[in-house]
Structure formats: C-alpha cells, structure tokens
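A.B. asks: Reminder that position 110 of the sequence shown reads as 1316 in the working numbering, one-by-one numbering, no gaps.
Ideal Cβ placement from N, Cα and C applies to all residues, glycine included.
Below: one structure in structure tokens.
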Amino acid sequence: MIIEQLINDCKKDDTKAQEQIYRLLAPKLFSVCLKYSRSYEEAQDNLQDGFILIFEKISQFKNLGSFEGWCKRLMTNHILQQYKKKKIFEIVSDNYPEVEDVEIEDEDVSIDFLTKIIQELPERYRLVFNLYVMDGFSHKEIAEMLDINIGTSKSNLARAKGILKQKIEQNNNISVPKIK
C-alpha cells in the first residue's frame, strides 16, 4: 500500500513523505485538536506540535492497527499532557451532581454553535466532556489519562453538561428539560 511506503519513507526522514502524510491526515487530526483546544489558533499550534511528535516517534509504529488511529492517539495524548502540566484539575470528593442527558433537536442548535460553546468550557470541563461524550472513554480511563480521581472526572462532566445546558437555553430562549 501507498501509506505503508510513506510510513517507511518517513522513518528515513524523507521530508516529501512527511509532507504527504501531513496532507493526508491533517484534516482529520485537526478535528481532534479542535475538540481539545480552547480556540482555533490553539488547535493549529497543537496540530503542528503533534505532527512534529508523530514524525519523531514514527519509528515506534509497528504496523499493528491503523496508522491514523495511532496518530490520533498520539495527538490526543500530546494535547492532554499539555493540560496535565498545568495542573488544571481540582480534586473533589465522590459527591458529584448527576446530570441527565439533554436531548437537542437538530434544528435547535448548529454544529458551529456547539463547537464554540464546548471550546468555551473551562479546560478541565472541556477535556473530560470530550473524552467521555465524544470519544467514549470511561471515567476510570479518564482518571488514569489525566491523573485525577474518578470523582473528579464525574464532577467535571456534570459541571460541563450544566454549563452547556445553560448556554443552549440562553441561545434558544427555550426551557430545556430540567436537569436534576
């Protein structure tokens, strides 16, 4: 396959192969960066830094599984490491509010608006929300990834959902079903 040849060439520091890999994967990996970044500009920086890391570590890719999946995992972990260094998480007890999921009609909220309000969440809430809701990680996995306890993960998710619910209500001037 062509991708296998590009990977092998990248392992030999072939800049033309690196450029082709970049062009092939940048749009998909940029969406990962947008999901975990505060702004478009920060996502661009994360994409650039992430690709540098991918090319530095490409020799570790053993052709087991998807190369794209490997790159996404590397990119996500790189971004999460930046946040872990900032120590943005509050340690909380296991007493956290349960928040029910809010159903949103497609015509009520645009994807651009949802992306914007998710990016506006405080870092700790945005990271946990994206890992749990968008990527399907469990609270246990999130706690291990971010070096926090499970209660902190659950609390941050509940707070993120509460903030998003409020912003959606304000945007639509409607009453979303009450969250207990």
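(1) Considering only residues of the same chain and omitting the five flanking positions on each side of F1319, which have a CB-CB separation below 6 Å?
(2) Let me know the secondary structure DSSP gives R1330 once reduced to three states.
(3) Looking at the unbroken alpha helix (DSSP H) that takes in F1261, where does it start and where does it end?
(4) CB L1259 to CB A1249, shorter than 7 Å?
(5) Please go through the same chain and pick out, in chain order, the residues whose beta-carbon is closer than 7 Å to the beta-carbon of I1209, but skip the five residues on each side of it.
(6) For V1334, collect the residues of the same chain with a Cβ closer than 7 Å to its Cβ; drop the 5 residues on either side in sequence, then sort them by chain order.
(7) Determine whether the beta carbon atoms of Q1224 and F1267 lie at a separation below 7 Å.
(8) Between E1329 and P1233, what straight-line distance do the alpha-carbon atoms span, to the nearest angstrom?
(9) Take the Cβ of L1202 as the centre, count every other Cβ of all protein chains shown within 10 Å, and call the residue buried at 16 or more, exposed below.
(10) Where does Y1246 land, buried or exposed, given buried means 16+ other C-beta within 10 angstroms?
(11) Report the residue from G1256, E1350 and L1327 whose alpha carbon sits nearest the alpha carbon of G1368.
C.D. replies: With the structure as the only source:
(1) Indexing the sequence shown from 1 puts residue 1319 at position 113. Cβ within range, chain order: n/a, list empty.
(2) Here residue 1330 is taken as the residue at index 124 of the sequence shown, counted from 1. Looking at R1330 - three-state DSSP - the assignment turns out to be helix.
(3) On the sequence shown, residue 1261 is found 55 positions in, with the first residue counted as 1. Segment Y1246 to K1263, the alpha helix (DSSP H) holding F1261.
(4) Translated into positions along the sequence shown, residue 1259 becomes position 53. Translated into positions along the sequence shown, residue 1249 becomes position 43. Taking 7 Å as the Cβ cut-off, L1259 and A1249 do not qualify as a contacting pair.
(5) The residue given as residue 1209 occupies position 3 in the sequence shown. The residues are F1273.
(6) The residue given as residue 1334 occupies position 128 in the sequence shown. The answer, listed in chain order, is I1348, S1359, N1362, L1363 and A1366.
(7) For this step, residue 1224 is matched to residue 18 along the sequence shown. For this step, residue 1267 is matched to residue 61 along the sequence shown. No, Cβ-Cβ distance for Q1224 and F1267 is not below 7 Å.
(8) Counted from its first residue, the sequence shown places residue 1329 at position 123. Counted from its first residue, the sequence shown places residue 1233 at position 27. Those two C-alpha atoms are separated by around 23 Å.
(9) Residue 1202 lies beyond the stretch modelled for the chain, which goes from 1207 to 1386, so this question has no answer here.
(10) On the sequence shown, residue 1246 is found 40 positions in, with the first residue counted as 1. It counts as exposed.
(11) The sequence position of residue 1368 within the sequence shown is 162, counting from 1. For the residues G1256, E1350 and L1327, the minimum Cα distance to G1368 belongs to L1327.
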